[in-house]
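Okay, structure first, notes after.
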Amino acid sequence: MNILNVNNILYLISNLFRIYIIFKFINVFFDRTNTNKRVEIKWLSIYFIINSLVHIFFESPLINLSSNLLLFFALTFIYPGKLSTRLIATALIYSVNMCLDGIAYNFMKAVNIIYDIEIITGIISNLALYLFVLVFEKAINHKNKYNVSIFQWLAVFCIPVGSIIIASTLLLSNYKTISSILSVTCLLGINVMIFYLYDMLIKFYAEKYEKELLRQQNNSYINQFEIIKQSQDNIAMMRHDMKNHIFKFQDIVQKGKKQDILDYLKSTLEFIDVSNQYVNSQNLDVDSILNYKIHEAKKIGAVVNAIVNIPNKLRIDSFDLNVILGNLMDNAIYAIKDSENKRIKIEIEFDRNILYITITNSYSGKILSRNGKLQSTKKDKDNHGIGLRSVETVVRKYDGIIDIDYDDSDFMVSILLYNIVKKI
Numbered sequence: 000m001n002i003l004n005v006n007n008i009l010y011l012i013s014n015l016f017r018i019y020i021i022f023k024f025i026n027v028f029f030d031r032t033n034t035n036k037r038v039e040i041k042w043l044s045i046y047f048i049i050n051s052l053v054h055i056f057f058e059s060p061l062i063n064l065s066s067n068l069l070l071f072f073a074l075t076f077i078y079p080g081k082l083s084t085r086l087i088a089t090a091l092i093y094s095v096n097m098c099l100d101g102i103a104y105n106f107m108k109a110v111n112i113i114y115d116i117e118i119i120t121g122i123i124s125n126l127a128l129y130l131f132v133l134v135f136e137k138a139i140n141h142k143n144k145y146n147v148s149i150f151q152w153l154a155v156f157c158i159p160v161g162s163i164i165i166a167s168t169l170l171l172s173n174y175k176t177i178s179s180i181l182s183v184t185c186l187l188g189i190n191v192m193i194f195y196l197y198d199m200l201i202k203f204y205a206e207k208y209e210k211e212l213l214r215q216q217n218n219s220y221i222n223q224f225e226i227i228k229q230s231q232d233n234i235a236m237m238r239h240d241m242k243n244h245i246f247k248f249q250d251i252v253q254k255g256k257k258q259d260i261l262d263y264l265k266s267t268l269e270f271i272d273v274s275n276q277y278v279n280s281q282n283l284d285v286d287s288i289l290n291y292k293i294h295e296a297k298k299i300g301a302v303v304n305a306i307v308n309i310p311n312k313l314r315i316d317s318f319d320l321n322v323i324l325g326n327l328m329d330n331a332i333y334a335i336k337d338s339e340n341k342r343i344k345i346e347i348e349f350d351r352n353i354l355y356i357t358i359t360n361s362y363s364g365k366i367l368s369r370n371g372k373l374q375s376t377k378k379d380k381d382n383h384g385i386g387l388r389s390v391e392t393v394v395r396k397y398d399g400i401i402d403i404d405y406d407d408s409d410f411m412v413s414i415l416l417y418n419i420v421k422k423i
């Protein structure tokens with residue numbers, strides 16, 4: 000048996016590409032965060048070697064299918080997950096693969112191909128499977144905080160579509176030539192490299208966005224600590240001068256000057272009060288971001304009314320709270336700039352383990368929408384548009400609800416969050 004014939008070489012190249020497809024598919028179903036990368040590479044390599052040897056030496060569709068199912072199912076056990084998830088993932092990838100194989104095979108039969116149908120079918124169906132995984136990942140994967148626009152994604156989508164057309168043309172002409180083998184190899188390699196760069200860019204922008212949120216959160220905490228320090232300093236000075244204040248009160252009371260007493264008390268309260276502390280719910284995460292953002296709103300002349308009744312500790316992640324409140328306040332502050340009456344109303348209530356957040360702001364009355372979805376009015380739509388999408392992602396994480404309502408003068412966003420910790 001000549002192992003290194005053209006068919007087997009093309010199969011090995013195609014199968015290597017298929018391993019990459021399976022790797023991307025696994026990323027949709029399983030959390031790879033804590034997976035040992037060396038173990039992952041080792042088992043993917045074992046998968047490729049066993050699968051390739053079974054195909055070359057047995058050449059039986061039934062044995063090949065069985066080995067694929069068992070190897071993929073075994074591979075899922077290096078990732079955390081439920082047995083039902085492993086079974087569903089295995090069944091889905093191979094049911095789709097078999098359907099695509101059937102479509103590719105019938106296409107080859109329809110064009111009366113005179114070459115080996117099996118190898119050409121495998122390459123075309125692998126490209127089609129890659130296309131399916133790409134669409135499937137886009138449809139259900141909400142883990143990224145940064146989402147590409149539909150036009151950017153369509154540009155990426157066209158790459159495997161074009162590859163299928165090019166590969167079909169090359170293989171139908173004469174796939175056994177060296178130039179065809181090299182061309183198909185380069186084509187599959189280009190697909191892998193492009194989508195690797197695509198993933199890296201998504202990761203880069205997600206990390207960039209996360210760093211910006213952390214920077215805002217740190218600024219909020221610094222602002223809150225300065226407020227607390229200023230308040231404590233004022234109280235310390237009051238305590239130091241308390242003896243003098245008591246003598247002053249005693250003198251005013253003896254003289255019977257009621258108005259002087261009221262004026263003195265007013266001055267004392269103003270001294271203790273800290274002008275930048277607009278919210279004081281005792282929840283540091285919420286107070287810090289709101290005080291920081293309200294201060295920003297006040298600087299452009301906004302009238303801000305904040306009602307916050309929540310416990311000092313919540314099971315909702317502080318980063319997630321920062322995403323919601325930071326983005327909603329940023330949007331509100333941007334909207335009131337073009338409004339005649341610059342108003343923002345913040346209502347945050349906690350009742351029966353549910354957090355209710357409502358932020359209402361005035362705006363110019365201009366709304367942009369496309370296909371029933373609101374569009375950003377900011378010039379940099381791709382970057383600014385991710386704000387509300389990030390809020391929606393966090394709301395989904397807690398199985399919550401987000402509702403947007405508006406009239407000619409006011410824009411309102413209402414959010415319901417369950418006070419639970421739930422990973423996505």
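Using numbering that gives the first Met the number 0, the first residue of the sequence shown is number 0, and each one after it goes up by one.
Note that beta-carbon positions come from the ideal geometry of N, C-alpha and C, so glycine has one too.
Computed from a predicted structure; not experimentally measured.
A Cβ-Cβ separation of about 7 Å places ASN67 in contact with TYR93 under the 8 Å criterion.
In the assembly as shown, GLY161 is an exposed residue. Its beta-carbon has fewer than 16 other beta-carbons within 10 Å. Per the DSSP secondary-structure output, ARG342 pairs in a beta bridge with VAL302. Distance from TYR362 to ILE335 at the Cβ level is roughly 7 Å; contact confirmed, criterion being Cβ atoms closer than 8 Å. Shown here for LEU324: same chain residues with a beta carbon closer than 6 Å to its own, the five before and five after excluded, namely ILE288 in chain order. The beta carbon of VAL412 sits closer than 6 Å to the beta carbons of LEU327, ILE358, ILE403 from its chain, once the five residues preceding and following it are set aside; these are given in chain order. Contact annotation: TRP42 and ILE77 have beta-carbon atoms nearer than 8 Å. Setting aside the 5 residues that flank it on each side, ALA301 is surrounded in the same chain by ILE335, LYS341, ILE343, each with a C-beta closer than 6 Å to its C-beta; the list follows chain order. Rounded to whole angstroms, the separation of the alpha carbons of PHE203 and ASN360 is 33 Å. When DSSP states are grouped into helix, strand and coil, ASN360 belongs to the strand group.
When DSSP states are grouped into helix, strand and coil, VAL278 belongs to the coil group.
Shortest Cα-Cα distance from LYS108 to any of ASN279, THR120, LYS298 involves THR120.
Secondary structure at SER413: strand, using DSSP grouped into helix, strand and coil. By the criterion of a C-beta distance shorter than 6 Å, PHE318 is surrounded by no residue of its chain, once the five residues flanking it on both sides are discounted. Taking a C-beta distance under 8 Å as the contact criterion, ILE180 and LEU74 do not qualify as a contact pair.
A straight line joining the alpha-carbon of ILE122 with that of LYS36 spans about 28 Å. According to DSSP, PHE349 shares a beta bridge with LEU354.
Excluding the 5 residues flanking it on each side, ILE400 has same chain C-beta neighbours closer than 6 Å at LEU415, in chain order. Contact between PRO159 and TYR195 is absent: CB atoms are separated by about 14 Å, not below the 8 Å threshold.
Secondary structure at ASN330: helix, using DSSP grouped into helix, strand and coil. For GLY188, the closest alpha carbon among the candidates PHE410, ASN6, ILE18, LYS365 is that of ILE18. Straight through space, the alpha carbons of PHE131 and MET192 are spaced by roughly 18 Å.
With 16 or more other Cβ atoms inside 10 Å of its own Cβ, GLY386 counts as buried.
Under DSSP, ILE401 takes part in a beta bridge, and its partners are ILE414. Distances from the alpha-carbon of PHE28 to those of PHE106, TYR46, PHE135 put PHE135 closest.
Residue state for ASN7 is assigned as helix, using DSSP reduced to three classes. Comparing C-alpha distances from VAL155 to each of ASP329, LYS137, CYS185, ASN14 shows the shortest one belongs to LYS137. In this chain, the alpha helix (DSSP H) harbouring ASN67 covers 60-74.
Note on ASN290: 16 or more other CB atoms within 10 angstroms of its CB, so buried under the neighbour-count rule.
In chain order, LEU128 place their CB closer than 6 Å to the CB of ASN96, counting only its own chain and leaving out the 5 sequence neighbours on each side. As the crow flies, the alpha-carbon of ASP350 is around 20 Å from that of VAL393.
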